[in-house]
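Colleague: So our numbering is basically just the index in the sequence shown, starting at one, shifted up by 17.
Heads up, the beta-carbon is just placed ideally off N, CA and C, and yes, glycines get one too.
Bear in mind the structure is a predicted one, so any value in this text is a computation, not a measurement.
Submitted below is the structure of interest, expressed as structure tokens.
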Amino acid sequence: MKIAIIGAGNMGGAIARGLARSAKDVTIAVSNPTTGKLDKLKTEFPAIETTTDNVAAANDADIIVIAVKPWLVEQVIKEIEPGAPQVLVSVAAGIDTVDLERMTGETGMTIFKVIPNTAISLMQSTTLVASRNATAGQEEMMLSLFSAMGETFLIPEKQMAAATAMTSCGIAYALKYIQAVTQAGIELGIKPGVGMKMVAQSMNVAAELILQNDTHPVLEIEKVCTPGGITIKGVNSLEADGFTAALINAVKVAAK
Ligand SMILES: NC(=O)c1ccc[n+]([C@@H]2O[C@H](COP(=O)([O-])OP(=O)(O)OC[C@H]3O[C@@H](n4cnc5c(N)ncnc54)[C@H](OP(=O)(O)O)[C@@H]3O)[C@@H](O)[C@H]2O)c1
């Protein structure tokens, strides 16, 4: 199987690296108009084929991943002219499969919209996948390819905006929490560098509790809140200051 990745930037580069590390019996070709990023990829993974010619990369590929900026997607599709039995994958934000279908000439080819988040650079992406004209087998294959770069979730496309607000934007909201708690620590005499690591580690553990156990935040919060203790004072203070409402609003605003 050959996978062509058009665009070797943050996203295309991370996908190429992830696939090069994980995918078996796959030829990976990456195209980009300038050679700097291609040369770097080639040095790291000599088996990756690199080229400045999109058509050459895509021509005999089974799967074509478009990883250019959204406003260049149509131009690239017109240039490479993908068609069945090839499978088209776009990671471009804001471009739906109905747009991609139009750009490909309404041929009914299999199309995937895949939205990884920035954690793909650590191979820990939360990757959202929506399909059009795909068989269950093709969906399975796509999930398996991207699962090498983190957790993948196949969702109906109409949920993409909400899920993106929770996962991609959600990283920023989690970072705001780390920033705010570190800031509180500074006021209380904890050095920022040390405090930031403490907070990040606490957040890590909170996430692991949910990921590793069959539990719910409410149950875990209850375990930490001794009656009459200090944590419940903080939790109640958070609620009084609108913490939950602020986060719900942030996700809803971002999903609009
Ligand atoms: N970064 C993220 O966290 C993230 C998350 C989800 C989705 N996305 C989506 O991923 C896509 C790429 O974003 P990015 O952050 O990876 O951008 P990026 O780092 O700027 O990468 C885009 C790459 O496309 C190359 N390129 C430009 N014109 C091209 C053409 N005609 N043919 C082939 N390659 C071309 C650029 O090459 P030169 O630099 O040499 O011009 C660059 O290497 C976007 O559509 C974005 O919406 C990104």
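Could you tell me the boundaries of the beta strand (DSSP E) in which LYS19 lies?
Modeller: 19-23
Colleague: Just confirm the distance between the C-beta atoms of MET126 and ALA147, as a whole number of angstroms; I'd bet it's less than 8 Å.
Modeller: Actually they do not touch by this definition, with Cβ atoms about 15 Å apart.
Colleague: When DSSP labels each residue in this structure, what does PHE260 get in the three-state scheme?
Modeller: helix
Colleague: ALA135 and ILE188: beta carbons closer than 8 Å?
Modeller: Residue identity differs from the one stated: residue 135 is Thr in this sequence, not Ala. Yes, the pair counts as a contact, with Cβ atoms nearer than the cut-off.
Colleague: Could you check which residue in VAL252, ILE195, LEU105 has the C-alpha nearest to that of GLN155?
Modeller: LEU105
Colleague: According to DSSP, is ALA84 helix, strand or coil?
Modeller: For ALA84, the secondary structure class from DSSP, reduced to helix, strand or coil, is coil.
Colleague: Helix or strand or just coil, what does DSSP make of GLY167?
Modeller: strand
Colleague: Who are the Cβ neighbours of GLY202 in its own chain at under 6 Å, not counting the five residues just before and after it?
Modeller: GLY212
Colleague: CB-CB under 8 Å to ASP42, same chain, minus the five flanking residues each way: which ones, in chain order?
Modeller: MET18
Colleague: Would you identify the three-state DSSP class for LYS273, choosing helix, strand or coil?
Modeller: coil
Colleague: Less than 8 Å between the beta carbons of MET28 and ALA84, yes or no?
Modeller: yes
Colleague: Is the segment 228-235 touching the segment 245-265 in the sense that three or more CB pairs, one from each, lie closer than 8 Å?
Modeller: no
Colleague: Am I right that ALA37 and PHE62 are in contact with their C-beta atoms under 8 Å? What's the rounded C-beta distance?
Modeller: 4 Å
Colleague: Does at least one heavy atom of ligand 1 sit under 7 Å from the Cβ of PRO50?
Modeller: yes
Colleague: Does the segment 108-124 come within contact of the segment 69-88, defined as at least 3 CB pairs closer than 8 Å?
Modeller: yes
Colleague: Only counting the same chain, and skipping five residues up and downstream in sequence, which positions put a Cβ closer than 6 Å to that of ALA21?
Modeller: ALA46, ALA74, ALA75, ALA78, ILE81
Colleague: Could you check whether ALA33 and ASN49 sit closer than 8 Å to each other, using their CB atoms as the reference points?
Modeller: no
Colleague: From THR52, ALA40, LYS59, ALA223, pick the residue whose C-alpha is nearest to that of TYR194; which is it?
Modeller: ALA223
Colleague: What residues in its chain sit with their C-beta under 7 Å from that of GLN141, if we drop five residues either side in the sequence?
Modeller: Once the five neighbours on either side are set aside, the close Cβ partners of GLN141 are GLY167.
Colleague: In terms of alpha-carbon separation, which member of ALA272, LYS95, LYS175, THR248 lies closest to MET183?
Modeller: ALA272
Colleague: Is ALA180 buried or exposed, if buried means 16 or more other CB atoms sit within 10 Å of its CB?
Modeller: buried
Colleague: Between which two residues does the beta strand (DSSP E) containing GLU66 stretch?
Modeller: 66-68
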